[in-house]
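Trainee:
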Amino acid sequence: PHHLRSSNIEPPMEEFNKASKAHVLVVPYPAQGHINPMLQFAKRLASKGFKSSLATTVFISKSIPPLFAPLIQVRPISDGYDEGGFSQAESTPAYLSSLRANGSKTLARLVKALSE
1 PHHLRSSNIE PPMEEFNKAS KAHVLVVPYP AQGHINPMLQ FAKRLASKGF KSSLATTVFI
61 SKSIPPLFAP LIQVRPISDG YDEGGFSQAE STPAYLSSLR ANGSKTLARL VKALSE
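Numbering (UniProt numbering), first residue to last: 1 to 116.
#1: Within 10 Å of its beta-carbon, does S63 have 16 or more other beta-carbons around it, so buried, or fewer, so exposed?
#2: If you compare alpha carbons, which of K112, N102 and V24 is closest to S52?
#3: Checking 8 Å against the spacing of the C-beta atoms, do P28 and T56 come in under that value?
#4: For H34, I'd like the list of residues in its chain whose CB is within less than 8 Å of its CB, leaving aside the five on either flank, ordered along the chain.
#5: According to DSSP, what are the bridge partners of V74?
#6: Put V24 into one of helix, strand or coil per three-state DSSP.
#7: State buried or exposed for G49, treating a residue as buried only when at least 16 other CB atoms are found within 10 Å of its CB.
#8: From A101 to G80, what distance separates their C-alpha atoms?
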(Lines of atoms letter the chains of each structure in order from A; the text may use other names.)
(Lines give C-alpha, C1' and ligand atoms only; values in the text may rest on other atoms or scores of the structure.)
Protein backbone atom coordinates (compact mmCIF):
# COMPACT_ATOMS: atom_id res chain seq x y z
CA PRO A 1 0.00 0.00 0.00
CA HIS A 2 1.04 3.56 -0.66
CA HIS A 3 1.01 4.50 3.04
CA LEU A 4 3.90 2.10 3.69
CA ARG A 5 6.35 3.64 1.24
CA SER A 6 9.71 4.45 2.78
CA SER A 7 9.14 8.17 2.27
CA ASN A 8 6.19 7.93 4.64
CA ILE A 9 8.08 6.17 7.43
CA GLU A 10 11.34 8.10 7.34
CA PRO A 11 11.41 10.76 10.04
CA PRO A 12 11.99 14.38 9.06
CA MET A 13 15.61 15.52 9.40
CA GLU A 14 14.87 17.50 12.57
CA GLU A 15 13.49 14.33 14.16
CA PHE A 16 16.69 12.48 13.26
CA ASN A 17 18.74 15.25 14.84
CA LYS A 18 16.74 14.85 18.06
CA ALA A 19 17.24 11.08 17.91
CA SER A 20 20.98 11.48 17.50
CA LYS A 21 21.06 13.18 20.90
CA ALA A 22 19.04 10.38 22.50
CA HIS A 23 20.71 7.92 24.83
CA VAL A 24 19.46 4.34 24.63
CA LEU A 25 20.11 2.05 27.59
CA VAL A 26 19.81 -1.59 26.56
CA VAL A 27 19.19 -4.03 29.43
CA PRO A 28 19.35 -7.71 28.45
CA TYR A 29 18.37 -10.61 30.67
CA PRO A 30 21.70 -11.73 32.19
CA ALA A 31 21.92 -15.20 30.67
CA GLN A 32 23.69 -16.95 27.82
CA GLY A 33 22.04 -16.20 24.51
CA HIS A 34 20.66 -12.83 25.59
CA ILE A 35 23.74 -10.62 25.86
CA ASN A 36 25.19 -10.81 22.34
CA PRO A 37 21.94 -10.06 20.45
CA MET A 38 21.36 -7.01 22.66
CA LEU A 39 24.98 -5.94 22.23
CA GLN A 40 24.49 -6.16 18.46
CA PHE A 41 21.25 -4.17 18.79
CA ALA A 42 23.06 -1.45 20.77
CA LYS A 43 25.80 -1.43 18.14
CA ARG A 44 23.20 -0.98 15.41
CA LEU A 45 21.56 1.89 17.30
CA ALA A 46 24.96 3.53 17.75
CA SER A 47 25.63 3.24 14.02
CA LYS A 48 22.39 5.19 13.45
CA GLY A 49 23.56 8.05 15.64
CA PHE A 50 22.14 7.10 19.02
CA LYS A 51 24.32 7.13 22.10
CA SER A 52 24.12 3.52 23.30
CA SER A 53 24.88 1.85 26.60
CA LEU A 54 24.50 -1.78 27.60
CA ALA A 55 23.62 -2.38 31.24
CA THR A 56 24.56 -5.86 32.39
CA THR A 57 25.66 -7.52 35.60
CA VAL A 58 29.05 -6.78 37.09
CA PHE A 59 30.12 -10.39 36.53
CA ILE A 60 29.07 -10.45 32.86
CA SER A 61 30.46 -6.97 32.17
CA LYS A 62 33.94 -8.24 33.07
CA SER A 63 33.77 -10.72 30.18
CA ILE A 64 32.76 -8.21 27.49
CA PRO A 65 35.84 -7.10 25.57
CA PRO A 66 36.30 -3.35 25.11
CA LEU A 67 36.01 -3.78 21.33
CA PHE A 68 32.81 -1.77 21.17
CA ALA A 69 34.07 1.31 23.02
CA PRO A 70 33.50 4.19 22.43
CA LEU A 71 30.55 3.15 20.22
CA ILE A 72 28.82 1.38 23.12
CA GLN A 73 29.43 1.90 26.81
CA VAL A 74 29.09 -1.19 29.00
CA ARG A 75 27.55 -0.16 32.32
CA PRO A 76 27.64 -2.67 35.18
CA ILE A 77 24.70 -3.22 37.51
CA SER A 78 24.67 -5.59 40.47
CA ASP A 79 22.68 -8.80 40.67
CA GLY A 80 24.04 -9.39 44.17
CA TYR A 81 26.48 -12.01 42.87
CA ASP A 82 29.21 -9.78 41.47
CA GLU A 83 32.04 -12.32 41.78
CA GLY A 84 30.39 -15.39 40.25
CA GLY A 85 27.11 -14.40 38.67
CA PHE A 86 24.35 -16.99 38.39
CA SER A 87 26.65 -19.90 39.33
CA GLN A 88 27.29 -18.26 42.70
CA ALA A 89 23.59 -18.42 43.65
CA GLU A 90 22.24 -21.41 45.55
CA SER A 91 19.19 -21.70 43.26
CA THR A 92 17.43 -20.07 40.32
CA PRO A 93 14.73 -18.54 42.57
CA ALA A 94 17.45 -17.13 44.87
CA TYR A 95 19.27 -15.61 41.89
CA LEU A 96 16.11 -14.08 40.44
CA SER A 97 15.15 -12.64 43.82
CA SER A 98 18.58 -11.08 44.23
CA LEU A 99 18.57 -9.80 40.65
CA ARG A 100 15.17 -8.19 41.20
CA ALA A 101 16.22 -6.53 44.47
CA ASN A 102 19.80 -5.52 43.67
CA GLY A 103 19.37 -5.02 39.93
CA SER A 104 16.43 -2.66 40.42
CA LYS A 105 18.36 -0.46 42.83
CA THR A 106 21.57 -0.30 40.82
CA LEU A 107 19.71 0.14 37.53
CA ALA A 108 17.73 3.04 39.02
CA ARG A 109 21.00 4.67 40.13
CA LEU A 110 22.47 4.17 36.67
CA VAL A 111 19.45 5.70 34.93
CA LYS A 112 19.62 8.68 37.28
CA ALA A 113 23.36 9.12 36.67
CA LEU A 114 22.90 8.93 32.89
CA SER A 115 20.12 11.52 32.96
CA GLU A 116 22.23 14.13 34.76
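Glycine is no exception: its CB is placed at the ideal position from the N, C-alpha and C atoms. All values reported here derive from a predicted model rather than from experimental measurement.
Mentor: Working from what's here:
#1: By the neighbour-count rule (16 or more Cβ atoms within 10 Å), S63 is not buried but exposed.
#2: For S52, the nearest C-alpha among the options comes from V24.
#3: Taking 8 Å as the Cβ cut-off, P28 and T56 qualify as a contacting pair.
#4: P28.
#5: Residue pairing by DSSP places V74 opposite L54 in a beta bridge.
#6: V24: strand per DSSP, three-state reduction.
#7: With fewer than 16 other Cβ atoms inside 10 Å of its own Cβ, G49 counts as exposed.
#8: Going from the Cα of A101 to the Cα of G80 covers about 8 Å.
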